[in-house]
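First up is the structure itself, then whatever we jot down about it.
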Amino acid sequence: MQRHIGPVKLLLVEGDITQQQVDAIVNAANSRLAGGGGVDGAIHRRGGPAIMEETRRRYPEGCPTGSAVISTAGELPARWVIHAVGPVWRGGSHGEAQLLASAYRRSLELAQEHQCRSVAFPSLSTGAYRYPMDQAAQVALQTVIDFLRQQPGSLQEVRFVLFGQQAYQTYAQVLEKLLPEAESSQG
Ligand code: APR
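Yeah, the sequence shown ends on 297 if you go by our numbering, and it's all consecutive.
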């Protein structure tokens, strides 16, 4: 599924974030940048040890929840990995939506600061961090749409790479509500 936000393509695909041929992929990291399972495990496994060596050296203090840092991408097809730290879901009244939105925004800013034309996101916080998929999709898509309307910068494509059909369907339903097909050409 795809939509256009002004000049920028917003694309939903089902797949594996580590296989994406884009300038930057986003990692679902933790605030210690310590690695883990899910997206984080797959990125470090496929990208090799250079990524962790770089994040340890450049970001010894880690990265706060709601923010992101950038490294090179080792052996991955992408050029950059943006390590974004989404919130752990604690029921929804602990600032989770704001923190999730801010992790997406900071990731997009970093992509622009590194002149990226394309960036691929996983569904941050919806695995080990247990953020409900439909609420996460709402925050993720609305935040990206608002950001691209205000400041597309170098970006030409933002891709969400959803793991499994259910995640894809959830994101597709939310995007269809936010940007019905008939209106998408107006951005
Ligand atoms: N490609 C795309 N999406 C993936 C992949 C993959 N290879 N693997 C898992 N996913 C999906 C999950 O199904 C989930 O919907 O990404 C979403 C995010 O899940 P997690 O990777 O568990 O990330 P998150 O919920 O943000 O938790 C982060 O988990 O692995 C640890 O170190 C990480 O502590 C951090 C925490």
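By construction, the Cβ of each residue, glycine as well, lies at the ideal position given by its N, Cα and C atoms.
Coil, strand or helix - residue i by DSSP
i, result
"Arg-113", "strand"
"Val-195", "coil"
"Leu-186", "coil"
"Val-132", "coil"
"Leu-121", "strand"
"Leu-289", "coil"
"Ala-211", "helix"
"Leu-272", "strand"
"Ser-203", "coil"
"Ser-264", "coil"
"Ser-217", "helix"
"Ala-230", "strand"
With 16 other Cβ atoms within 10 Å as the buried cut-off, status of residue i
i, result
"Ser-203", "exposed"
"Ala-250", "buried"
Contact the region 205-220 vs the region 141-156: 3+ CB pairs below 8 Å: no
Touch test, the region 262-277 against the region 121-139, Cβ-Cβ under 8 Å, three pairs minimum: yes
The region 111-121 touching the region 163-177, judged by at least three CB pairs closer than 8 Å: no
Segment contact flag, the region 191-198 with the region 214-221, C-beta cutoff 8 Å, min 3 pairs: yes
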